[in-house]
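Numbering (the working numbering), first residue to last: 560 to 960.
Heads up, the beta-carbon is just placed ideally off N, CA and C, and yes, glycines get one too.
One structure below.
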Ligand code: ADP
């Protein structure tokens with residue numbers, strides 16, 4: 560069985576075809592600058608040179624057409640025709656309160672994704688366009704929506720309600736949703752599997768530390784809490800996002816600088832985080848580490864603040880679950896930065912007996928136990944695989960149709 564996985568961003572489209580018998584990625588690629596001059600598709604087949612198509616893509620419909628042409632191209636393609644694709648799995652950013660799990664797309668599902676445009680204004684329209692483009696290009700093939708928010712639907716009201724007048728929840732569904740759900744779901748279940756913890760009761764904390772970053776707590780695979788909120792802006796310090804701040808800062812800066820709330824939100828999303836803290840040096844954590852190593856004070860503070868915030872969330876989630884069995888690190892920083900993993904665990908959690916084994920921790924992007932044998936909590940590096948999780952959900956749904 561071959562499953563096409565699509566992840567449509569506001570101006571990009573990432574795709575993979577996964578052979579579900581072997582779990583091999585047959586090909587993957589990226590359409591960039593959709594709707595912007597200079598659109599380009601890069602198609603990658605393992606063991607072959609990249610195939611690049613430079614053609615204007617006004618929207619995701621055109622991008623899907625170019626993907627179909629690339630995967631069936633007689634020189635660079637991997638399948639003879641789209642008939643060899645059994646189903647399409649779509650990452651959908653926001654499912655609102657409606658979707659607690661992945662679902663086969665029908666007209667009601669599309670209407671619900673449309674209803675969530677307000678909650679995911681950049682991504683949901685692109686996600687829906689990707690679904691409709693696939694329906695057009697591959698009529699009759701099942702499309703499955705996998706929501707970034709469905710893992711967070713496990714939260715109880717005490718974790719998801721904001722302390723605001725209840726009318727805003729009732730009128731506009733203002734609550735905490737959480738994001739990176741596919742990754743937290745995949746990594747937390749993998750953590751249970753490889754640690755041998757009891758799948759029904761295991762208390763797991765996943766630190767998804769990439770450009771976007773979030774922490775989740777789950778018991779028996781069900782989300783108890785997660786650090787992102789109504790939008791991905793809440794929680795940790797990220798590449799360019801501020802994470803938690805006092806909301807009064809918004810009014811203060813808007814008044815002082817004479818800017819609108821929309822301008823301020825743009826600053827909080829795109830110009831803050833370690834990028835903003837380092838005076839605009841970079842949103843890439845490697846550059847921030849280099850800056851800190853060269854003695855740049857603002858980079859040092861940004862890095863320390865980032866790790867401190869991660870540790871504070873981990874600590875609060877240990878309290879939320881009244882314990883923890885496994886901590887797992889994933890995504891760009893979590894998979895590659897041994898120092899962040901060590902400091903989060905030892906600078907802040909050694910009081911409760913969390914111990915990292917330096918030799919085990921000296922690893923990148925490889926699934927591995929990194930805690931010492933006498934650590935009270937098992938700590939793992941688990942590379943995330945959101946595409947595989949989307950493909951697995953898609954396979955499960957179409958097989959049980
Ligand atoms: P996203 O999917 O949110 O864009 P990723 O999970 O791909 O993010 O992570 C990207 C981040 O990972 C970048 O900020 C990058 O600097 C960071 N990263 C990659 N390798 C390292 C490393 N060796 N040390 C520290 N950070 C790293």
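For this session: Answer yes or no: do residue 641 and residue 585 have a C-beta to C-beta separation smaller than 8 Å?
Result: Not a contact, by the Cβ cut-off of 8 Å.
For this session: Return yes when at least one heavy atom of the ligand ADP lies under 7 Å from the C-beta of residue 839, else no.
Result: No, the beta carbon of residue 839 sits no closer than 7 Å to any heavy atom of the ligand ADP.
Exercise. Can residue 843 be considered in contact with the ligand ADP, in the sense that its beta carbon sits closer than 7 Å to one or more heavy atoms?
Worked result: Indeed, a heavy atom of the ligand ADP lies less than 7 Å from the Cβ.
Exercise. Mind checking whether the beta-carbon of residue 895 lies closer than 7 Å to any heavy atom of the ligand ADP?
Worked result: Distances taken from the Cβ of residue 895 to the heavy atoms of the ligand ADP include one shorter than 7 Å.
For this session: Could you have a look at residue 592 and say whether DSSP puts it in helix, strand or coil?
Result: If DSSP states are grouped into helix, strand and coil, residue 592 belongs with coil.
Exercise. Whose C-beta lies closer than 7 Å to the C-beta of residue 687 among residues of the same chain, with five residues either side of it excluded?
Worked result: Counting only Cβ-Cβ distances below 7 Å, and skipping sequence neighbours, we find 669, 672 and 673.
Problem set entry | Contact the region 813-821 vs the region 843-851: 3+ CB pairs below 8 Å | At 8 Å Cβ cutoff, the stretches do not touch.
Exercise. Does the Cβ of residue 769 lie closer than 7 Å to at least one heavy atom of the ligand ADP?
Worked result: Between the ligand ADP and residue 769, a heavy atom-to-CB distance of less than 7 Å is present.
Exercise. Does the distance from the C-beta atom of residue 976 to that of residue 794 stay below 8 Å?
Worked result: Residue 976 cannot be examined here, being either before or after the span of the chain that is shown, 560 to 960.
Exercise. Would the beta-carbon of residue 863 be found less than 7 Å away from any heavy atom of the ligand ADP?
Worked result: In this structure, residue 863 has its CB at a distance of at least 7 Å from all heavy atoms of the ligand ADP.
Exercise. Skipping 5 residues on each side, what residues in its chain have a beta carbon closer than 8 Å to that of residue 885?
Worked result: Only 750, 751, 754, 756, 761, 762, 763, 764, 936, 937, 938 and 939 meet the Cβ criterion.
For this session: Identify every residue that forms a DSSP beta bridge with residue 575.
Result: Answer is 564 and 587.
Problem set entry | Whole-angstrom distance between residue 646 and residue 560, CA atom to CA atom | Looking at the two C-alpha atoms, the distance is approximately 9 Å.
Exercise. Does the Cβ of residue 892 lie closer than 7 Å to at least one heavy atom of the ligand ADP?
Worked result: Yes.
Exercise. From the DSSP output, which residues share a beta bridge with residue 772?
Worked result: According to DSSP, residue 772 shares a beta bridge with 768.
Problem set entry | Best match in 946, 933 and 889 for proximity to residue 924 [C-alpha to C-alpha] | When only C-alpha atoms are compared, the closest one is 889.
Problem set entry | 6 Å Cβ shell around residue 859 - same chain, five flanking residues per side excluded | Non-local C-beta neighbours of residue 859 in its own chain, meaning closer than 6 Å and more than five positions away in sequence, comprise 851, ordered along the chain.
Exercise. With a Cβ-Cβ cutoff of 8 Å, do residue 662 and residue 701 count as a contact?
Worked result: For the 8 Å CB-CB criterion, residue 662 and residue 701 do not form a contact.
Problem set entry | Residues that residue 606 bridges to, as DSSP identifies them | None, per the DSSP bridge assignment.
For this session: Please find out if some non-hydrogen atom of the ligand ADP comes closer than 7 Å to the beta-carbon of residue 848.
Result: Closer than 7 Å to some heavy atom of the ligand ADP: that describes the Cβ of residue 848.
Problem set entry | Pairwise C-alpha distance: residue 623 and residue 591 | Approximately 12 Å, taken between the alpha carbons.
Problem set entry | Nearest-angstrom Cα separation, counted from residue 685 out to residue 605 | Residue 605 and residue 685: Cα-Cα distance of roughly 28 Å.
Exercise. Roughly how many angstroms lie between the CA atoms of residue 866 and residue 721, to the nearest whole one?
Worked result: In this model, residue 866 and residue 721 are separated by some 25 Å (Cα to Cα).
Exercise. Buried or exposed: where does residue 836 fall if 16 or more other Cβ atoms within 10 Å of its Cβ makes it buried?
Worked result: Of the other Cβ atoms in all chains shown, 16 or more fall within 10 Å of the Cβ of residue 836; this residue is therefore buried.
Problem set entry | Length of the line joining the Cα atoms of residue 881 and residue 875 | Roughly 10 Å between the two C-alpha positions.
Problem set entry | For residue 620 and residue 597, the rounded distance between their alpha carbons | Residue 597 and residue 620 have their C-alpha atoms roughly 17 Å apart.
Problem set entry | Assumed close pair residue 801, residue 771 - CB separation to whole angstroms, cut-off 8 Å | Wrong, their Cβ atoms sit about 12 Å apart, outside the cutoff.
For this session: Answer yes or no: the CB of residue 798 versus the heavy atoms of the ligand ADP, is any distance below 7 Å?
Result: The ligand ADP has a heavy atom closer than 7 Å to the beta-carbon of residue 798.
Problem set entry | Short Cβ contact (8 Å threshold) for residue 612 with residue 574 | Inclusion of residue 612 and residue 574 in the CB contact set at 8 Å is not warranted, their separation being larger than that value.
Exercise. What is the residue span of the alpha helix (DSSP H) that residue 827 lies within?
Worked result: Here the alpha helix (DSSP H) through residue 827 covers 820-829.
Exercise. For the alpha helix (DSSP H) that contains residue 846, what are its first and last residues?
Worked result: Going by DSSP, residue 846 is part of the alpha helix (DSSP H) stretching over 844-852.
Problem set entry | Unbroken stretches of the alpha helix (DSSP H), 4 residues or longer, contained in the region 908-956 | Within the region 908-956, the runs of alpha helix (DSSP H) at least 4 residues long that lie entirely inside it are, in chain order, 917-920.
Problem set entry | Separation of residue 650 from residue 567, as counted between CA atoms | Residue 567 and residue 650: Cα-Cα distance of roughly 7 Å.
Problem set entry | Residue environment, residue 787, which counts as buried when at least 16 other CB atoms sit within 10 Å | Answer is buried; the Cβ neighbour count reaches 16.
Problem set entry | Alpha-carbon spacing of residue 692 relative to residue 618, whole angstroms | Taking the straight line joining both Cα atoms gives about 10 Å.
Problem set entry | C-alpha distance - residue 902 paired with residue 656, whole-angstrom precision | Between the C-alpha atoms of residue 902 and residue 656 there is a straight-line separation of about 36 Å.
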